[in-house]
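In UniProt numbering, the protein residues as written are 1 to 292.
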């Protein structure tokens with residue numbers, strides 16, 4: 001198992017910040033952090049992200065800003081790891097930059113005050129939504145093809161658009177109380193548990209098994225997990241299972257009963273109850289609403 005350590009972003013003397021286009025079977029999936037801020041636009045793929053102490057599903061179209069040294073991972077769904085599955089790809093545009101990428105004192109300029117505030121607040125991890133997301137998505141696609149000074153101008157335009165709409169089109173991810181500098185032992189425990197769940201959520205997962213992975217008693221593990229993720233382990237597991245069920249419902253290849261057991265639920269009534277608690281729809285309503 002890889003340890004979630006400092007991740008080194010490749011750099012070049014010819015660029016002040018890095019724009020990276022990814023097209024892979026799946027995203028880099030150990031829990032990690034790096035001193036650069038990361039602005040990521042998911043072009044294709046879905047799965048679950050862990051940013052700070054927030055765990056949620058991600059999908060194509062999502063744009064996220066991750067602050068410096070904030071622990072994170074984008075873990076693709078199970079089907080992305082199947083050697084026989086060549087139909088799905090993990091594609092994204094990511095920009096890696098620091099507070100000094102545009103000059104040591106650039107963000108001290110009064111005109112850059114809002115972007116400086118954005119950088120500070122990115123320490124919690126931000127999801128860009130609404131009209132702002134719609135505006136910056138094509139700009140990010142343009143950015144990957146630009147060079148030189150034009151690329152700097154476009155990047156500042158993107159950051160300014162987010163900063164100008166920080167109160168209306170931004171969702172904060174990690175809690176205010178979260179410490180982004182996790183001890184290595186803490187990160188490894190969370191990473192090991194996360195990895196185990198993503199590989200085995202369709203099976204019967206016992207709390208005692210997961211507690212053993214973390215080398216803790218069940219009681220200590222439950223307290224530990226909630227403190228670091230703001231949710232119980234059972235809710236986390238159900239969210240992963242329901243997220244997978246939503247994708248299977250969209251594919252329209254299986255009936256609801258088959259999906260129930262494929263996702264690790266042991267009976268239909270529990271599946272329906274958990275599905276509605278998390279999505280506000282029953283599986284049948286979900287299919288109808290989204291025309292599947």
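We treat Cβ as the ideally placed atom computed from N, Cα and C, and that holds for glycine.
Within its own chain, the residues whose Cβ lies closer than 8 Å to the Cβ of residue 173, once the five positions on either side in sequence are excluded, are 51, 52, 54, 56, 64, 124, 125, 126 and 127, listed in chain order. Scanning its chain for C-beta atoms nearer than 7 Å, with the 5 sequence neighbours on each side dropped, one finds around residue 247 the residues 46 and 77, in chain order. Distance from the Cα of residue 30 is smallest, within the candidate group 211, 222, 192 and 209, for 192.
Put simply, of 24, 288, 69 and 74 the residue whose alpha carbon is nearest the alpha carbon of residue 40 is 74. DSSP places residue 34 outside both helix and strand once states are collapsed to three, so it counts as coil. Taking C-beta atoms as the reference points, residue 28 and residue 80 fail to come closer than 8 Å. Take residue 236, set aside five residues on each side of it, and the residues of its chain with a beta-carbon closer than 7 Å to its own are 55 and 229, in chain order. If you ignore the 5 residues before and after residue 215, its C-beta comes within less than 8 Å of the C-beta of 189, all in its own chain and listed in chain order.
Residue 268 is positioned such that its CB atom lies no closer than 8 Å to that of residue 239. Within the UniProt domain "HTH araC/xylS-type" (191 to 289), the complete alpha helix (DSSP H) segments at least 4 residues long are 207 to 213, 218 to 229, 233 to 251, 256 to 262, 268 to 279 and 283 to 289, listed from N- to C-terminus. Contact between residue 243 and residue 203 does not hold, since their C-beta atoms are separated by about 16 Å, which reaches or exceeds 8 Å. In this structure, the CA atom of residue 194 is about 14 Å from the CA atom of residue 231. Under the DSSP definition of a beta bridge, residue 66 partners with 38.
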